[in-house]
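Data first, discussion second: the structure below is written as structure tokens.
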Amino acid sequence: MPRRLCLALLLFPLPALAQTAAPEVVLPELVVEAQRAAAARQGILARFGAREVTVERETIEALPGGASQPLNQVLLQTPGVVQDSFGDIHVRGEHRNLQYRLNGVALPEGLTGFGQVFDARSLRSVSVLTGALPAQFGFRTNAVIDLETRTGTLDPGGSIGVYGGSRGTWQPHLSWAGIAAGWDVFATGTFLRSQQGVENPTSSWQSINGQTEQWRGLAYAARQLDDTTRLSLIFGGNANRFNLPVTRGLAPEFTAFGLDSFDSAALRARQWERNWYGVAALQKSWGDIDLQVAPFFRYSSISYTPSLPGEVIFNGSAASVFRASMAAGVQADAAWRIAADHTLRFGGQVTGERAQFRSDSTVLPLDADGNAIDAPFVIGDRYGRTGWLYGMYLQDEWRLTERLTLNLGLRWDQAVQYTAAGQVSPRINLVWRPTDTTTIHAGYARTFTPPQFESVQASSFTRYLGTTAAPESLENGLARPQRDHRFDLGISQRFGQHLTLGIDGYYKFVRDLLDFGQFGNALIFTPFNFRQGRVYGVEFSGNWRDETWLIYGNLALSRSVGRDLRSGQFAIEPDELAYIASKYVRTDHDQLITGSAGVVWNGWEGGQLSGSMLYGSGLRKGFAATEKVTPYAVFNFGVRQAFTGPDGGRWTARLDLLNAFDRSYQLRDGTGIGVGAAQYGLRRTIYAGLSREF
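Numbering (mature numbering (1 follows the signal peptide of the UniProt record, and there is no 0)), first residue to last: -18 to -1, 1 to 676.
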């Protein structure tokens, strides 16, 4: 049985654009070393028993939007991933609780509102791991997004190009990969300018005041220090500016600054988002032992500037908000092949984080009857906290028979943040291959998920009493770690050489279910807890691949419910709070039916036609999330052609039609538990691109 045994539904890489026979060659030593290092890393960080879906670089580039599409759009083509506003996604009925790993190293999550930190153009592959994850995965355990970067040895060459079209979208990009002074190097950079950076609050084709400018980049360098030691360095980041789109014709609620009227189309709020991250990974082998030690850091910030005096006139308050977080730590993982039927894996992680919060809220005082007085004043709020996360694990991959393997693990996690809490978590996975074409897996995992430290609302609300920014109540329990019992069962069946079908079911019993809400005008999310939660569902998947076609489809049924809020009560109206305390309610991100599908046809020399589809039965809305928005289905189409240009270089042209039938659909209507604004999906959009390889 192979060392890396994954329950996977693979979106296989597409054939090369030009199919020509090539003489057998001997791989350069640098390529061999890079392949050996990648294999060793996968051996250390095996995903045994997890359900894994992998999208390769060739598939990303072939589908509509190509490598210019945001990473979340790529993830939406995998099973059970639900689309939300501001670039958010939900996997298997949870809000966030996602772990991003870059070449196997877990990066602390940042204050991501709606910008895309990772550029799809920089990735060799994207893998989504779900289910009862083995013990090496801790803290964020609902799903792991494993990103493999491109490298100079395995993906040599460069490209320069531009992509854009509707709504003034313009996206130039540049990348290069190769060998420089003995280093395996890859670097890429992208700039985006558009008239619509976030979802439109109305159904119109283009939003008002929706401009954005975004920078993204990544650099990778690796070097073989000796026959058994390899050093890898990664640095990247993004810097985004957003104007927040507005709605015409809103009626003012207050008189402020001597004004009792204001054109809502003239509101001009802005938000900046910055993320920087770095990883240094040292791999070492001693015979049957492979080790990787990786220090890392991440800086993240969000800054919101309100539109004064308009926001005070419409909302009664306007807050200038700044949040920042600096995290650093080290992760160590090892694999020891102690016997032919036993592989022992062990490791740990330590992360320290410093979070800062500043706000200046312009509010109106209230008179004795609760009426607003036109005498605006500012309430300031400042605080900073330091928190720590510790984790260790030990697991044994035990091959019971040639076709049956058991993975036993134990993990310890400790959070010292706003509260101190910890847990010892057993994990068990069983994989059975009754035939060469059938794989069955079953697993159980006890998991521990601390709240997102940098997003916890820790300020006092008493200072806002007697103003137009007064909370619904002063009750606001501390956000607690989420604790789960997770069960997963699935089967994957291959029919012939081309067709694979799969089904996977899961059930999660949750204590202190974490959710996130937008409590204010700034697009910043704050965690809160339900005392109890249940999340369960089933996913169906299938794909067909041959030399000409790639066809895949996914269908997921999911239910996510919670009862009795333990934190975040200040933002919920008393009657809604009482209703939630007495019965299970749907979480705001619950969507019963989610579907995705795609097809790529390699129909002629250097050319491809592609299509993709997304379906959603609708997220929740209304009082205590008892209703849902209207279902939708969106279809996208693309064509891609490679050719030799007049300069003798290799060029690629593409044309993409997104939301081809111009379906107007709503993601959010601004109501629900922790929902602050309405958002509509992108209307019909035409993009074109041209790039040249070098």
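Glycine included, C-beta positions come from ideal geometry on N, C-alpha and C. Note that the structure is predicted; figures quoted are calculated from it, not measured.
In whole angstroms, give me the CA-to-CA distance for G143 and A221.
Translated into positions along the sequence shown, residue 143 becomes position 161. Translated into positions along the sequence shown, residue 221 becomes position 239. Here the alpha carbons of A221 and G143 stand approximately 21 Å from one another.
Taking the DSSP output, what are the residues bridged to Y202?
To locate residue 202, count along the sequence shown from 1; it is residue 220. Answer is F168, I216.
Starting from the C-beta of D342, find all residues in its chain whose C-beta is less than 6 Å away, skip the five residues before and the five after it, and write them out in chain order.
Against the sequence shown, residue 342 aligns to sequence position 360. So the list reads S302, V360, G362, once near-sequence residues are dropped.
In the DSSP output, what is H480 paired with across the bridge?
Along the sequence shown, one-based indexing puts residue 480 at 498. Paired residues: none, contrary to the question.
Tell me whether E379 sits in a helix, a strand or coil according to DSSP, three-state version.
Within the sequence shown, residue 379 is the residue found at index 397, counting from 1. Three-state result, E379: strand.
Tell me, which residues are paired with K603 by DSSP?
Here residue 603 is taken as the residue at index 621 of the sequence shown, counted from 1. Per DSSP, the beta bridge partners of K603 are E609.
Assuming Q118 and L264 make a contact with CB atoms under 8 Å, what is their CB distance in whole Å?
In the sequence shown, residue 118 corresponds to position 136, counting from 1. In the sequence shown, residue 264 corresponds to position 282, counting from 1. Actually they are not in contact, since the Cβ atoms of Q118 and L264 sit about 18 Å apart, beyond 8 Å.
Does the contact criterion of 3 or more C-beta pairs under 8 Å hold for the stretch 250 to 260 versus the stretch 207 to 221?
At 8 Å Cβ cutoff, the stretches touch.
Straight-line CA distance for D470 to A452?
Position 488 of the sequence shown, counted from the start, is the residue given in the question as residue 470. Position 470 of the sequence shown, counted from the start, is the residue given in the question as residue 452. Looking at the two C-alpha atoms, the distance is approximately 44 Å.
Is F339 closer than 8 Å to A310 when the C-beta atoms are compared?
As a working note, residue 310 is residue 328 in the sequence shown. As a working note, residue 339 is residue 357 in the sequence shown. Against a cut-off of 8 Å, the Cβ pair of F339 and A310 comes out as no contact.
Compare the C-alpha of L537 against each of V63, E43, G31, V14 and name the closest.
As a working mapping, residue 537 is identified with position 555 in the sequence shown. Minimum Cα distance to L537 is reached at V63.
What is the DSSP secondary structure of A4, reduced to helix, strand or coil?
Taking the sequence shown and counting its residues from 1, one reaches residue 4 at position 22. Low confidence applies here, because A4 scores a pLDDT of 42, under 50, leaving its location unreliable; read the following figure in that light. Look at A4 here: in three-state DSSP terms it is coil, with no helix or strand label.
For L672, count neighbouring C-beta atoms within 10 Å of its own C-beta (all shown protein chains included) and say buried if the count is 16 or more, exposed if not.
As a working note, residue 672 is residue 690 in the sequence shown. So L672 counts as exposed.
Span of the alpha helix (DSSP H), counted from its first residue to its last, around F510:
Start at 1 with the first residue of the sequence shown, and residue 510 comes out as number 528. Taken as a continuous stretch (DSSP letters only), F510 belongs to no alpha helix (DSSP H), being part of the beta strand (DSSP E) at 508 to 527.
Closer than 6 Å by C-beta to Y286: which residues in its own chain qualify, once you throw out the five before and the five after it? Chain order, please.
Working through the sequence shown from its first residue, we reach residue 286 at position 304. So the qualifying residues of the chain are Q253, V303, A504.
Give the straight-line distance between the Cα atoms of residue 684 and R78, rounded to the nearest whole angstrom.
Coverage of the chain is limited to positions -18 through 676, which leaves residue 684 absent and any answer about it impossible.
Excluding the 5 residues preceding and the 5 following residue 711 in the sequence, name in chain order all residues of the same chain whose CB lies nearer than 7 Å to its CB.
With the chain represented from -18 up to 676, any question about residue 711 goes unanswered, as that position is not in the structure.
Could you say which of P556, E675, P433 lies nearest to T401 if we only look at CA atoms?
The residue given as residue 401 occupies position 419 in the sequence shown. Checked all of P556, E675, P433; the closest Cα to T401 is P433.
For R23, which of helix, strand or coil comes out of DSSP?
Working through the sequence shown from its first residue, we reach residue 23 at position 41. It is helical.
Simplified DSSP assignment, three categories, for P556
In the sequence shown, counting from the first residue as 1, residue 556 sits at position 574. In the structure shown, P556 sits in a helix (DSSP, three-state: H, G or I).
Give the straight-line distance between the Cα atoms of G487 and E521, rounded to the nearest whole angstrom.
By 1-based counting over the sequence shown, the position of residue 487 is 505. By 1-based counting over the sequence shown, the position of residue 521 is 539. Whole-angstrom Cα-Cα distance: 6 Å.
In three-state terms, what does DSSP make of T41?
As a working note, residue 41 is residue 59 in the sequence shown. The three-state reading of DSSP puts T41 in helix, counting H, G and I together.
Paired residues, beta bridge with L645 - DSSP:
As a first step, residue 645 is located in the sequence shown; it is residue number 663 there, counting from the start. According to the sequence displayed, residue 645 carries Arg and not Leu. Beta-bridge partners assigned by DSSP to R645: none are found.
Contact under 8 Å by Cβ, N458 with G550:
As a position in the sequence shown, residue 458 is number 476, starting the count at 1. As a position in the sequence shown, residue 550 is number 568, starting the count at 1. The answer is yes: Cβ separation under 8 Å.
What residues are listed by DSSP as bridge partners for Q405?
As a working mapping, residue 405 is identified with position 423 in the sequence shown. For Q405, DSSP records a beta bridge to D395.
For Q623: DSSP bridge partner residues
In the sequence shown, counting from the first residue as 1, residue 623 sits at position 641. For Q623, which the question treats as bridged, DSSP gives the partners G589, A635.
Integer Cβ distance of R516 from R462, believed to fall under 8 Å:
Sequence index remark: in the sequence shown, residue 516 carries index 534 (1-based). Sequence index remark: in the sequence shown, residue 462 carries index 480 (1-based). Here R516 is actually not in contact with R462; their C-beta atoms are around 17 Å apart, not less than 8 Å.
Range covered by the alpha helix (DSSP H) that runs through V543:
What you label residue 543 is simply residue 561 of the sequence shown in a count that begins at 1. For V543, there is no enclosing alpha helix (DSSP H); the residue is found in the beta strand (DSSP E) stretching over 531 to 547.
Are three or more beta carbon pairs between the stretch 18 to 33 and the stretch 606 to 618 nearer than 8 Å?
Cβ pair count under 8 Å is below three, so no.
What does T667 pair with, by DSSP beta-bridge criteria?
Position 685 of the sequence shown, counted from the first residue, corresponds to residue 667. Answer by DSSP bridge pairing, in chain order: L640.
Extract the residue ranges of the beta strand (DSSP E) inside the stretch 269 to 303, only unbroken runs of 3 or more that lie entirely within it.
Counting only runs of 3 or more residues that sit fully inside the stretch 269 to 303, the beta strand (DSSP E) segments are 271 to 287, in chain order.
How should E555 be labelled, buried or exposed, when 16 other C-beta atoms within 10 angstroms of its C-beta is the threshold for buried?
Against the sequence shown, residue 555 aligns to sequence position 573. That one is exposed.
Quick check on the burial criterion: 16 or more other C-beta atoms within 10 angstroms. Buried or exposed for A248?
What you label residue 248 is simply residue 266 of the sequence shown in a count that begins at 1. By the neighbour-count rule (16 or more Cβ atoms within 10 Å), A248 is not buried but exposed.
Round the Cβ separation of residue 692 and F168 to the nearest angstrom and send it over; I've been treating them as touching at under 8 Å.
The displayed coordinates of the chain run from -18 to 676. Any statement about residue 692 would go beyond what the structure contains.
Identify every residue that forms a DSSP beta bridge with N79.
Your numbering for residue 79 matches position 97 in the sequence shown. Paired residues: none, contrary to the question.
Return yes when the Cβ of G425 is within less than 8 Å of the Cβ of W394, no when it is not.
Walking along the sequence shown from the start, residue 394 turns up at place 412. Walking along the sequence shown from the start, residue 425 turns up at place 443. For W394 and G425, no; Cβs fall outside 8 Å.
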